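Reading through the structure tokens given below for one structure.
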Amino acid sequence: MTPVDSVLSLVRPDILALSAYSSARKEAKGGRVWLDANENPETPSAHQPLLNRYPEPQPADLVAQLAALYSVQPAQCLVTRGSDEGIDLLLRTFCRAAQDAILFTPPTYGMYVVAAGIQGARTVTVPLIREKNFALDAAAVLKAVGPEVKLVFLCSPNNPTGGLLDRAAVLSVVKALATRAVVVVDEAYVDFSGQPSLAAEIPSNPNLVVLRTLSKAFGLAGARVGTTIADPAVIAVLQKVIAPYPVATPVLQAALAAITPAGLAAARESVAAIVAERARLAAALAKLPAVKKVWPSDANYLLVEVADSAKAMAAGRAAGVVWRDRSKDVPNSIRLTIGTPAENTATLEALQALVVY
Ligand SMILES: *Cc1c(COP(=O)(O)O)cnc(C)c1O
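At position 334 of the sequence shown the residue is numbered 325 (our numbering), and the sequence of numbers has no breaks.
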């Protein structure tokens, strides 16, 4: 079996056997009079002349530009409604209900367990090592992967703790699981880390899948544009499962605008400003009596341990500042998103006002 074949052997057999729905726009080539998709010939909006037409299922220009942005090949990319849809597609493609499992490493992003629950997949957990700055326990992950585990989700930088996972440790897991499981590295925040993506490792490791998104660094959370990056054979299987037209036309236009040279320059500037504010906020928070620990962050948020998270959240509410209480994952910890300098000052003032007894 080739390495790619052994990855495909992990796919649900019924999905492998399924033929993809072929939509009108997938089959159409060329043409001048478009009467193949039961569209209305009139558009309701003069401002959006294309809205009466179905979009391309995977718009070729967007796919090409995202591939360039992520330094991969277009055939390795699937554009999804946020990377959340990528997580869901992977679950539905690889995991049989009540039979297969995913592995994830708490404390981490909550969607893995939700997507598993929806699909009826089981879950195996291997905690990150808190004493080592929430490091990946690669040996424990490998030990915990039985034949039922089809997907291993690793989030780097990890949400909510903020740190990158060690690249060599992640790659060692990918290589050790080459024929046994798909390793999904969720890089929603890698743009804020200054470190390279793992996507360059996919050609030599076809069991590696990388998730990227325009939601965070590119400020397009409202547009829902994620990219699943994988071996072209894996992308072809995911194509069978994805909804027919996931990239709405206004979304396509917003995404294309965000990755023009001017859009890229703006995003770089925004990321640099957020990273600078992250350092300022972390240093100032560390001096506050109410703050016990500020975890190091490679992302656009800080996980902060406070004396009492309920009181801290209440102090934020009183000041009109909303944070995320992550105490169920890390006791007495709140996650603070890095905002504008004025917003970050509001965070500091609200926590400064918190009296500690
Ligand atoms: C925000 C986030 C996502 C989801 O991003 P979308 O592209 O907006 O769906 C995925 N993974 C992690 C870890 C996130 O924090």
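All C-beta atoms in this analysis are idealised placements derived from N, C-alpha and C, irrespective of residue type, glycine included.
Note that the structure is predicted; figures quoted are calculated from it, not measured.
Sufficient close CB pairs (3 or more, under 8 Å) joining the stretch 205 to 225 to the stretch 15 to 35: With a cut-off of 8 Å, the stretch 15 to 35 and the stretch 205 to 225 do not count as touching, because too few Cβ pairs lie within range.
Check whether L202 and I193 have beta carbons under 8 Å apart: Within the sequence shown, numbered from 1, the residue matching residue 202 stands at position 211. Within the sequence shown, numbered from 1, the residue matching residue 193 stands at position 202. The answer is no: Cβ separation not under 8 Å.
L294 (DSSP reduced to helix, strand or coil): Here residue 294 is taken as the residue at index 303 of the sequence shown, counted from 1. In the structure shown, L294 sits in a strand (DSSP, three-state: E or B).
S206 CB to nearest heavy atom of ligand 1 below 7 Å: Counted from its first residue, the sequence shown places residue 206 at position 215. Because some heavy atom of ligand 1 lies under 7 Å away, the Cβ of S206 counts as near it: yes.
Inter-stretch contact (C-beta, 8 Å, three-pair minimum) for the stretch 267 to 287 and the stretch 297 to 308: Short answer: they touch.
T(-7), DSSP secondary structure in three states: Numbered from 1 along the sequence shown, position 2 holds the residue referred to as residue -7. Judged by DSSP in its simplified three-state form, T(-7) adopts coil rather than helix or strand.
Residue(s) in a DSSP beta bridge with A92: Locating residue 92 in the sequence shown gives position 101, where the first residue counts as 1. Bridge partners of A92: R113, V140.
Length of the line joining the Cα atoms of K17 and E47: Here residue 17 refers to the residue found at position 26 of the sequence shown. Here residue 47 refers to the residue found at position 56 of the sequence shown. Their backbone Cα atoms lie some 7 Å apart in a straight line.
Of the listed residues K231, A263, L255, nearest to S13 (C-alpha basis): Within the sequence shown, the letter at position 22 stands for residue 13. Comparing Cα-Cα distances from S13 to each of K231, A263, L255, the minimum goes to K231.
Residue burial classification, L119 (beta-carbon count within 10 angstroms, cutoff 16): For this step, residue 119 is matched to residue 128 along the sequence shown. Flag for L119 reads buried.
Own chain, CB closer than 6 Å to A66, minus 5 neighbours either side, in chain order: For this step, residue 66 is matched to residue 75 along the sequence shown. Hits under 6 Å: P223.
Given 8 Å, three or more beta-carbon pairs between the stretch 33 to 46 and the stretch 176 to 196: no
Bounding residues of the alpha helix (DSSP H) (the contiguous stretch that carries D79): Here residue 79 is taken as the residue at index 88 of the sequence shown, counted from 1. D79 -> alpha helix (DSSP H) spans 73 to 85.
Boundaries (first-last residue) of the alpha helix (DSSP H) holding R16: Locating residue 16 in the sequence shown gives position 25, where the first residue counts as 1. 15 to 18 is the extent of the alpha helix (DSSP H) around R16.
Through-space distance from S(-3) to L7, alpha-carbon basis: Translated into the one-based positions of the sequence shown, residue 7 becomes position 16. Translated into the one-based positions of the sequence shown, residue -3 becomes position 6. So the two alpha carbons sit approximately 13 Å from each other.
DSSP-derived helix/strand/coil call for G311: Against the sequence shown, residue 311 aligns to sequence position 320. Coil, per DSSP.
K278, buried or exposed, once every other Cβ within 10 Å from all chains shown has been counted against 16: For the purposes of this step, residue 278 is taken as the residue at position 287 of the sequence shown. Per the 10 Å Cβ criterion, exposed.
Burial state of V175, where buried means 16 or more other Cβ atoms lie within 10 Å: The residue given as residue 175 occupies position 184 in the sequence shown. So V175 counts as buried.
Contact test: N291 Cβ vs ligand 2 heavy atom, cutoff 7 Å: Ligand 2 is not among the ligands present in this structure, which contains only ligand 1.
Any beta strand (DSSP E) of 3 or more consecutive residues that is wholly inside the stretch 199 to 260: 199 to 204, 217 to 220
Buried or exposed by the 16-neighbour rule on C-beta atoms within 10 Å, applied to L1: Numbered from its first residue, the sequence shown carries residue 1 at position 10. Flag for L1 reads buried.
Cβ-Cβ distance between L293 and A273 below 8 Å: Translated into the one-based positions of the sequence shown, residue 293 becomes position 302. Translated into the one-based positions of the sequence shown, residue 273 becomes position 282. Yes, Cβ-Cβ distance for L293 and A273 is below 8 Å.
L145 versus V313 - alpha carbon distance: Taking the first residue of the sequence shown as position 1, residue 145 is located at position 154. Taking the first residue of the sequence shown as position 1, residue 313 is located at position 322. Answer to the nearest angstrom: the Cα atoms are 27 Å apart.
Among L94, L247, A89, nearest to L60 - alpha-carbon criterion: Residue numbering aside, residue 60 sits at position 69 when the sequence shown is read from its first letter. Of the listed residues, the one whose Cα sits closest to L60 is L247.
Check whether S74 and G217 have beta carbons under 8 Å apart: Walking along the sequence shown from the start, residue 74 turns up at place 83. Walking along the sequence shown from the start, residue 217 turns up at place 226. Going by C-beta atoms, S74 is nearer than 8 Å to G217.
Close Cβ partners of I226 (< 8 Å) along its chain, the five nearest in sequence each way excluded: As a position in the sequence shown, residue 226 is number 235, starting the count at 1. Excluding residues within five positions, the ones whose Cβ falls inside 8 Å are A66, Q67, C68, L69, T219.
C-beta contact flag for L229 and L80 at 8 Å: Your numbering for residue 229 matches position 238 in the sequence shown. Your numbering for residue 80 matches position 89 in the sequence shown. Their beta carbons are under 8 Å apart, which means L229 touches L80 by this criterion.
Where P(-6) falls, given that 16 or more other Cβ within 10 Å makes a residue buried: As a position in the sequence shown, residue -6 is number 3, starting the count at 1. Looking at its Cβ environment, which holds fewer than 16 other Cβ atoms inside 10 Å, P(-6) is exposed.
Simplified DSSP state of L53, which is helix, strand or coil: Numbered from its first residue, the sequence shown carries residue 53 at position 62. It is helical.
Beta bridge counterpart(s) of A6 as assigned by DSSP: In the sequence shown, counting from the first residue as 1, residue 6 sits at position 15. Inspection of the sequence shows that residue 6 is occupied by Ile rather than by Ala. Beta-bridge pairing links I6 to no other residue.
Inter-residue Cα distance where the pair is L41 and P252: Locating residue 41 in the sequence shown gives position 50, where the first residue counts as 1. Locating residue 252 in the sequence shown gives position 261, where the first residue counts as 1. Cα-Cα distance, rounded: 24 Å.
CB-CB length for A107 against L82, believed under 8 Å: Within the sequence shown, numbered from 1, the residue matching residue 107 stands at position 116. Within the sequence shown, numbered from 1, the residue matching residue 82 stands at position 91. Under the criterion of beta carbons closer than 8 Å, A107 and L82 qualify as touching, at roughly 6 Å.
Proximity test, A212 beta-carbon vs ligand 1 heavy atom, cut-off 7 Å: Mapped onto the sequence shown, residue 212 falls at position 221. Within the cutoff, so yes.
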